[in-house]
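Participant: Here our numbering is used: position 371 in the sequence shown is 380, and no number is missing along the way. Using N, Cα and C, we set each Cβ at its ideal position, and we do this for glycine too. As the structure is a computational prediction, the values presented were derived from the model and not from experiment. First the structure, then my questions, so here it is.
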Amino acid sequence: MVFLRIRGARGLGAGLVLAALLCLGPKGRADAEEEAPAPRPFARAPDPTTRSGPDAELYARGVELQARGHYVQARRVFWRLLDEHPDSEFAPEAEDRSGPNAFLGLRPMGPVGPPARRIDVALMGDGYPIEKQATYDKHCEGQLKVLLGEPLYEAYRPYFNFWQFNLASKDKGVDEVAPEPDPELDERLARRRKGPRPPREYDTALNCKAAGPQGQVWADPRRVWHYLQYLDAHDSLAIVFAQFGELGMGGMGIATTGPRGVVVHEFGHAFVGLLDEYANHPGPPTGQVSGPNATTDPKAPPWQHFLDAKVPGVTVLEGGATFQKGVWRPAGSCAMNAGGSAYCPVCREAGVLMIYTYVSPIDQVAPAEPSVELPGDPKAWPAFRVVPMQPASHDLDVRAILAPAPATTEVVPETGYDPEADPEGLDPFEARLRKRLGLDRSRAPSSLPVALGQRPDLVRRARGTAQDPLPAGTEVPVRWRRDKELGRYAELQVPPLEPGRYLLTAVAWDPARPRKERRPWVLKDERGLLEDRWTWTLVVR
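This is the structure:
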C-alpha cells in the first residue's frame with residue numbers, strides 16, 4: 010500500500026499523498042519517563058581523534074564496543090560519559106546511543122561504492138530490544154535477501170549501497186491507532202457499561218504504528234530521518250521492518266513492512282513510485298489516477314509501447330490503485346498486486362529508469378580533467394579510459410567520437426549566471442546546478458545530485474530530456490580491458506592528431522537487457538536516462 014511519496018535528494022517520482030505524521034515521545038535513561046528532563050537537541054559528535062580529553066576517550070571506547078557488538082557494555086560507557094561530562098560536545102550523541110531507544114551503530118551489507126555514485130539505502134528495525142540484536146541481524150539479512158530476489162534489484166545490485174542500522178527499542182510492539190467513531194458500537198458498549206479499550210501504545214525507536222486501513226505498519230518518518238543522519242551521505246531511502254508489524258506501507262522514500270514478505274512491493278512504492286495494482290474499493294476513484302502502472306485512461310495507457318511490442322503478460326485490466334472500477338493496470342500478476350511475487354515488465358522498466366535518475370551510466374573517466382593538453386608525440390599521451398557502471402547481469406556499451414572543436418567558442422552559462430550579482434560567491438557550476446534543479450542555497454554541496462564529484466558533464470538529467478545528437482566526427486576504436494580495482498573498462502584508441510583543438514566524446518549506454526532475456530527491460534527511454542557522455546577538449550601542441 011502506498012502511504013506518501015516524496016522525491017528523495019537524488020531521485021524523482023510522484024505517487025499518492027495521504028500523510029499523517031506521527032508524534033514523538035520523550036527519550037531518556039530513566040524508567041520514570043514522566044519525570045525525565047526534555048532531551049537536548051541532537052548533534053553529531055566530532056571526530057574523537059581530533060579532540061583530547063577523557064570525554065573523547067570514553068566516546069571512542071563506546072563506539073568501538075558497539076562496532077564489536079558489545080551493546081550493553083557500550084551503553085554503560087556512554088552513561089559514564091554523560092554523568093562525568095554532561096556538557097561535553099560528545100554528550101548529545103552519547104545520549105542518542107544509550108537511551109531506551111538508541112542508535113547502536115551501522116555497517117555495510119556487502120560491497121559498497123562511492124556514495125556520490127551509488128544509491129544508498131538504510132535498513133532499520135523497530136521493536137528489537139538491545140538484548141535481541143542477534144534476532145534483528147537475521148531478520149535484516151532476510152529482508153535484503155527477499156529484496157534481491159526480485160530480478161531488477163539482483164541485476165542492479167552493484168548500483169546500491171545497503172547499510173544495516175542497529176537500533177534498540179525500549180518496547181516490543183506496534184502502536185494501535187484509534188478506530189473511526191462507531192455510534193452503534195458505542196451504544197452497545199454503553200449498555201454493557203463498558204467503554205472502548207484505548208489503543209495500545211509502545212515506546213520504540215521508529216515509533217511504528219498500525220496506520221493503514223488493514224492495520225498496515227508505518228514508521229514515523231522523522232525518526233527514520235533522524236537516524237539517517239549517521240550516514241555522511243544518503244539518498245533519504247530506507248527499508249524499515251517492525252518485528253510485530255503486519256503487511257506494510259511505502260512512501261516518502263521509506264518502505265515499511267512486517268518481518269516478512271512485502272518488501273519488494275513497498276520498495277516499489279517508496280523508491281520507484283509505483284502504484285498498487287490490487288483492488289479492494291468497490292467503486293471508481295473521484296479523480297484522475299496516473300502512474301507508470303495504473304491509469305484512468307484505458308485507451309492511452311502509459312504502457313502502450315509494451316502493447317505495441319506485444320510483450321507477453323502485458324495487457325489492460327480493470328482494477329488498480331486499490332479501485333475495482335475506473336482504474337486499469339498492466340498485468341494480472343505483479344509484486345504490486347500480490348506482495349512477494351516479481352514485478353511485471355511495466356514496473357520493471359519503471360524501476361530501471363528510476364535507478365538511472367540516481368546513477369550515471371559512466372562511473373569514472375581518466376583523465377579526470379575536461380581539457381587535456383597533448384604533446385606532439387602520441388607516445389607521451391595519457392590513456393583515455395571510461396569505466397561504465399557494471400550491472401551483475403550484463404555489460405554496458407561504450408563508443409567514442411572524435412571531432413574538430415569549433416574554431417571560436419564563447420562560454421555562455423546556461424542559466425545566465427553573473428558572478429558579480431552573486432554576493433555569496435558560489436562556484437559558477439554550483440550556482441548553475443542549484444538553479445537548474447530548483448535547490449535553495451541552504452542545501453549542502455555534498456547533497457547535490459552530481460556524479461563523480463563536481464563534474465558538470467555528468468549531472469544526471471533527472472528533469473531533462475534526451476541527449477542532443479552526437480557531433481559529426483570519426484568513430485574512435487574502443488578496446489575493452491579489465492583491472493583488479495577498476496573492473497571492466499574501455500580504453501579509447503585515439504589516433505595521432507595534427508596540432509589543433511579537438512573534442513573527444515565518450516558515450517556509455519545501458520541496453521538494459523540481462524543475459525538470457527529475450528527482450529530489453531526498457532522499451533521507451535524518453536529522457537535518455539540510459540545514456541550519458543563525457544567530453545574532453547584536446548589541445549594538441
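Taking G257 as the reference, give the member of S342, A347 and W337 with the closest Cα.
Facilitator: Along the sequence shown, one-based indexing puts residue 257 at 248. Closest option to G257, Cα to Cα, is A347.
Participant: Roughly how many whole angstroms lie between the Cα atoms of D372 and R550?
Facilitator: Start at 1 with the first residue of the sequence shown, and residue 372 comes out as number 363. Start at 1 with the first residue of the sequence shown, and residue 550 comes out as number 541. So the two alpha carbons sit approximately 30 Å from each other.
Participant: Going by C-alpha to C-alpha distance, which of Q82, E98 and Q75 sits closest to D64?
Facilitator: Indexing the sequence shown from 1 puts residue 64 at position 55. The shortest Cα separation from D64 among Q82, E98 and Q75 belongs to E98.
Participant: So what does DSSP say about K553, is it helix, strand or coil?
Facilitator: An answer regarding residue 553 cannot be provided, because it is not within the stretch 10 to 550 covered by the chain.
Participant: Return yes when the Cβ of C356 is within less than 7 Å of the Cβ of L283, no when it is not.
Facilitator: Along the sequence shown, read from residue 1 onward, the residue named residue 283 stands at position 274. Along the sequence shown, read from residue 1 onward, the residue named residue 356 stands at position 347. Going by C-beta atoms, L283 is nearer than 7 Å to C356.
Participant: Can you find the residues in the same chain that come closer than 8 Å, C-beta to C-beta, to P310, ignoring five residues on each side of it along the sequence?
Facilitator: Residue 310 sits at position 301 when you count from the first residue of the sequence shown. Closer than 8 Å at the Cβ level, and outside the excluded window around P310, lie T304, L316, V325, W337 and P339.
Participant: Determine the DSSP secondary structure at E275, reduced to helix, strand or coil.
Facilitator: Taking the first residue of the sequence shown as 1, we reach residue 275 at position 266. In the structure shown, E275 sits in a helix (DSSP, three-state: H, G or I).
Participant: At 3 residues or longer, what runs of the beta strand (DSSP E) sit wholly inside the stretch 95-143?
Facilitator: Those beta strand (DSSP E) runs which fall completely within the stretch 95-143 and span 3+ residues are 111-117 and 128-135.
Participant: Does DSSP put A412 in a helix, in a strand, or in coil?
Facilitator: Position 403 of the sequence shown, counted from the start, is the residue given in the question as residue 412. Strand.
Participant: Going by C-alpha distance, which of T266, H290, C353 and Q225 is nearest P301?
Facilitator: Locating residue 301 in the sequence shown gives position 292, counting from the first residue. Among T266, H290, C353 and Q225, the Cα nearest to that of P301 belongs to C353.
Participant: According to DSSP, is G537 part of a helix, a strand, or is it coil?
Facilitator: Translated into the one-based positions of the sequence shown, residue 537 becomes position 528. Coil.
Participant: Using 10 angstroms around the beta-carbon of F250, count the other beta-carbons present and answer buried if the total reaches 16, otherwise exposed.
Facilitator: Translated into the one-based positions of the sequence shown, residue 250 becomes position 241. So F250 ends up on the buried side.
Participant: With DSSP run on the structure shown, which of helix, strand or coil describes V298?
Facilitator: Residue mapping note: residue 298 aligns to position 289 of the sequence shown, counting from 1. The answer is coil: DSSP assigns V298 none of H, G, I, E or B.
Participant: Starting from E358, trace the alpha helix (DSSP H) in both directions and tell me its first and last residue.
Facilitator: Here residue 358 refers to the residue found at position 349 of the sequence shown. Note, E358: alpha helix (DSSP H), P354 to Y367.
Participant: Return helix, strand or coil for H290, following the three-state DSSP convention.
Facilitator: As a working mapping, residue 290 is identified with position 281 in the sequence shown. Note: H290 maps to strand in three-state DSSP.
Participant: Out of curiosity, what's the CA-to-CA distance linking V421 and L215?
Facilitator: Against the sequence shown, residue 421 aligns to sequence position 412. Against the sequence shown, residue 215 aligns to sequence position 206. Its pLDDT being 48, under 50, V421 is placed unreliably by the model, and the measurement read from it follows with that caveat. The straight-line gap from Cα to Cα measures roughly 49 Å.
Participant: Nearest CA to the CA of G260: which residue from Q238, V516 and V233?
Facilitator: As a position in the sequence shown, residue 260 is number 251, starting the count at 1. Per the Cα distances, V233.
Participant: Quick one: measure Cβ to Cβ for A359 and A351, integer angstroms, because I've assumed they're closer than 8 Å.
Facilitator: Start at 1 with the first residue of the sequence shown, and residue 359 comes out as number 350. Start at 1 with the first residue of the sequence shown, and residue 351 comes out as number 342. Rounded, the Cβ-Cβ distance is 14 Å, inconsistent with contact.
Participant: Going by other Cβ atoms of all chains shown within 10 Å of its Cβ, with 16 needed for buried, is E140 buried or exposed?
Facilitator: Reading the sequence shown from its first residue, position 131 is the one you call residue 140. So E140 counts as exposed.
Participant: Distance, Cα to Cα, E275 vs T266?
Facilitator: For the purposes of this step, residue 275 is taken as the residue at position 266 of the sequence shown. For the purposes of this step, residue 266 is taken as the residue at position 257 of the sequence shown. Each residue's Cα considered, the two are about 7 Å apart.
Participant: Would you kindly work out how many angstroms separate the C-alpha atoms of L506 and T59, rounded to a whole number?
Facilitator: Reading the sequence shown from its first residue, position 497 is the one you call residue 506. Reading the sequence shown from its first residue, position 50 is the one you call residue 59. Each residue's Cα considered, the two are about 51 Å apart.
Participant: Counting along the chain, where does the alpha helix (DSSP H) carrying G259 start and finish?
Facilitator: Taking the first residue of the sequence shown as position 1, residue 259 is located at position 250. Careful: G259 lies outside any alpha helix (DSSP H), inside the beta strand (DSSP E) at G257 to G260.
Participant: Considering R491, what are the terminal residues of the beta strand (DSSP E) in which it resides?
Facilitator: Mapped onto the sequence shown, residue 491 falls at position 482. V487 to D492 is the extent of the beta strand (DSSP E) around R491.
Participant: Under 8 Å: do the stretch 125-145 and the stretch 170-179 share three or more Cβ pairs, one atom per stretch?
Facilitator: Yes, since at least three Cβ pairs between the stretch 125-145 and the stretch 170-179 fall closer than 8 Å, the two stretches touch.
Participant: I'd like to know if the stretch 511-525 and the stretch 477-486 are in contact, where contact means that at least 3 CB-CB pairs between them fall below 8 Å.
Facilitator: Short answer: they touch.
Participant: Do G341 and F253 have their CB atoms nearer than 7 Å?
Facilitator: For this step, residue 341 is matched to residue 332 along the sequence shown. For this step, residue 253 is matched to residue 244 along the sequence shown. Result no, Cβ atoms of G341 and F253 do not sit closer than 7 Å.
Participant: Decide if D229 is buried, meaning its Cβ has at least 16 other Cβ atoms within 10 Å, or exposed.
Facilitator: Within the sequence shown, the letter at position 220 stands for residue 229. By the 10 Å Cβ count, D229 comes out buried.
Participant: Less than 7 Å separating the beta-carbons of L132 and Q173?
Facilitator: Taking the sequence shown and counting its residues from 1, one reaches residue 132 at position 123. Taking the sequence shown and counting its residues from 1, one reaches residue 173 at position 164. Yes, these two residues count as a Cβ contact at 7 Å.
Participant: Which partner residues does N170 have in the DSSP bridge list?
Facilitator: The residue given as residue 170 occupies position 161 in the sequence shown. DSSP output for N170 lists D129 as bridge partner(s).
Participant: Rounded to a whole number of angstroms, what is the C-alpha to C-alpha distance between A499 and T331?
Facilitator: Translated into positions along the sequence shown, residue 499 becomes position 490. Translated into positions along the sequence shown, residue 331 becomes position 322. Rounded to the nearest angstrom, the two C-alpha atoms are 47 Å apart.
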